[in-house]
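Novice: Would you mind keeping the following structure in view while I ask a few things?
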Amino acid sequence: MYLERKTKRATIIFVYILIFSCVGFLVYYYTKPKPSCSDGKRNQNEENVDCGGVCGACKKAIEAEPLKVEEQSVVYGGQGRYDMVAKISNPNTQFGSPAFQYVVRLKGSDGSVLAERQGTGFILPTEAKYVVEVNFESPVVPQSAEVTIESTTWQEFVEFREKPVLSVHNRRFSLIGGGGPWYSEVYGVLQNESMFDFNVVKVRVILRDASGNALAANVIEVRDVRSGEQRSFEFKWAYEFPGQGEVAEVQVDPDANVYDSENFMQLYRPARRFQELK
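Residues in the sequence shown are numbered consecutively from 360, following my numbering.
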């Protein structure tokens, strides 16, 4: 008798547990969140968490070669001031950078840092470009410049084409006499041969001697440059720089930030933006 009652009680308890379990399962089944591509779980046919399969393509790890600094020069920029010239090149054929951060340090003969500045640039695949930073202040004459790439944001390009053509004509360097405030000048004509209009075109000028050494540098902005338009520009120096009478080359590099141009980016069609590499 006792065993029958005990067995009956155990059976009833088991039945209740079974009923509550079924009800709980049904409630959970019909109320649980549906799998999605933003739930932080690999719960569909995803290749990885929340990507691949029914979700968007997974970001693939980028294997880009770092940007290279190929030239670093410091030149006289006036009383107690100095300018810096650096050449940056991108060895990658598929990846450009809409933003890379760099640090410029001017150093003394003992290696001490006399002046320092941070800057940001951009670069296209396989491009080599010049960076010009002006008006560093230092009571001591710097003996060298050091440019360090601190970080690079990479972007992959598909169906890459040549960048817009910004050409320079009639460039010339002249010494200015007559006792006025100016010692020398560079004149040129900028022509936008691309199909795009640009709000700002930066024009960098580097004066070199016969051996290719940088003697002076400067940078200006030319605004609202329309497609097919020609615009004259000039640089003037209010001081005499070393080697002023030995200028053999007038290097002029116009540059438009194509990453800010929506129309231009439609032509280049960037596919994916990748993580920042440090």
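No residue lacks a Cβ here, since even glycine has one placed at the ideal position from N, Cα and C.
All of these numbers come straight from a predicted model, not from anything done at the bench.
Kindly provide the ranges of any beta strand (DSSP E) runs that are 3 or more residues long and lie completely inside the stretch 581-605, ordered along the chain.
Specialist: You should have 589-596.
Novice: Taking its Cβ as the centre, do 16 or more other Cβ atoms sit within 10 Å of aspartate 614, making it buried, or is it exposed?
Specialist: Its Cβ being crowded by 16 or more others within 10 Å, aspartate 614 is buried.
Novice: Could you check whether serine 456 and phenylalanine 481 sit closer than 8 angstroms to each other, using their CB atoms as the reference points?
Specialist: In contact: phenylalanine 481 and serine 456 (Cβ atoms closer than 8 angstroms).
Novice: Going by Cα to Cα distance, which pick from Arg582, Tyr441, His528, Ala597 is closest to lysine 561?
Specialist: Out of Arg582, Tyr441, His528, Ala597, Arg582 has the C-alpha closest to the C-alpha of lysine 561.
Novice: Tell me valine 434's beta-bridge partners as DSSP assigns them.
Specialist: Beta-bridge pairing links valine 434 to Asp442.
Novice: Who pairs with glycine 455 in a beta bridge, going by DSSP?
Specialist: Its beta-bridge partners are Gln514.
Novice: Please classify alanine 597 as buried or exposed, where buried requires at least 16 other C-beta atoms within 10 Å of its C-beta.
Specialist: Its Cβ having fewer than 16 others within 10 Å, alanine 597 is exposed.
Novice: Looking only at its own chain, which residues have a Cβ that is under 8 angstroms from the Cβ of isoleucine 378, when we skip the five neighbours before and after it?
Specialist: Here the set comprises nothing.
Novice: By alpha-carbon positions, which one of Tyr441, Leu483, Gly571 ends up nearest to proline 498?
Specialist: Checked all of Tyr441, Leu483, Gly571; the closest Cα to proline 498 is Tyr441.
Novice: Classify arginine 531 as buried or exposed, calling it buried when 16 or more other Cβ atoms lie within 10 Å of its own Cβ.
Specialist: When all chains shown are included, arginine 531 counts as exposed.
Novice: Find the nearest neighbour of serine 533 within the set Lys427, Ile508, Ser510, Leu566, judged by alpha-carbon distance.
Specialist: Nearest of Lys427, Ile508, Ser510, Leu566 to serine 533, Cα basis: Leu566.
Novice: Identify every residue that forms a DSSP beta bridge with serine 570.
Specialist: For serine 570, which the question treats as bridged, DSSP gives no partner whatsoever.
Novice: For the beta strand (DSSP E) containing asparagine 551, list its first residue and its last residue.
Specialist: Residues 543-551.
Novice: Can you name, in chain order, every residue of its own chain whose Cβ lies under 8 angstroms from the Cβ of glutamate 544, other than the five neighbours on each side?
Specialist: Hits under 8 angstroms: Phe532, Ser533, Ile535, Glu593, Phe594, Lys595, Trp596.
Novice: Under DSSP, the beta strand (DSSP E) around valine 611 begins and ends at which residues?
Specialist: Start and end: 608-614.
Novice: Checking the sheet assignment: what are the DSSP bridge partners for phenylalanine 557?
Specialist: In the DSSP output, where bridge partners are listed per residue, phenylalanine 557 has Val584.
Novice: Measuring only the C-alpha atoms, how far is glutamate 617 from leucine 473?
Specialist: The amino acid at residue 617 is misidentified as glutamate; the sequence shows valine. Taking the straight line joining both Cα atoms gives about 34 angstroms.
Novice: Should lysine 418 go down as buried or exposed, given a rule of 16 or more other Cβ atoms within 10 Å for buried?
Specialist: Lysine 418 should be labelled exposed.
Novice: Where does cysteine 381 sit, in a helix, a strand or coil, going by DSSP?
Specialist: Helix.
Novice: Strictly by DSSP, which residues pair up with cysteine 410?
Specialist: Answer by DSSP bridge pairing, in chain order: Asn407.
Novice: Please state whether DSSP places isoleucine 535 in a helix, a strand or coil.
Specialist: Residue state, collapsed to three classes: coil.
Novice: Excluding the 5 residues flanking serine 586 on each side, which residues of the same chain have their C-beta closer than 8 angstroms to its C-beta?
Specialist: Cβ neighbours of serine 586 beyond the five flanking positions: Asn551, Ser553, Met554, Phe555, Asp556.
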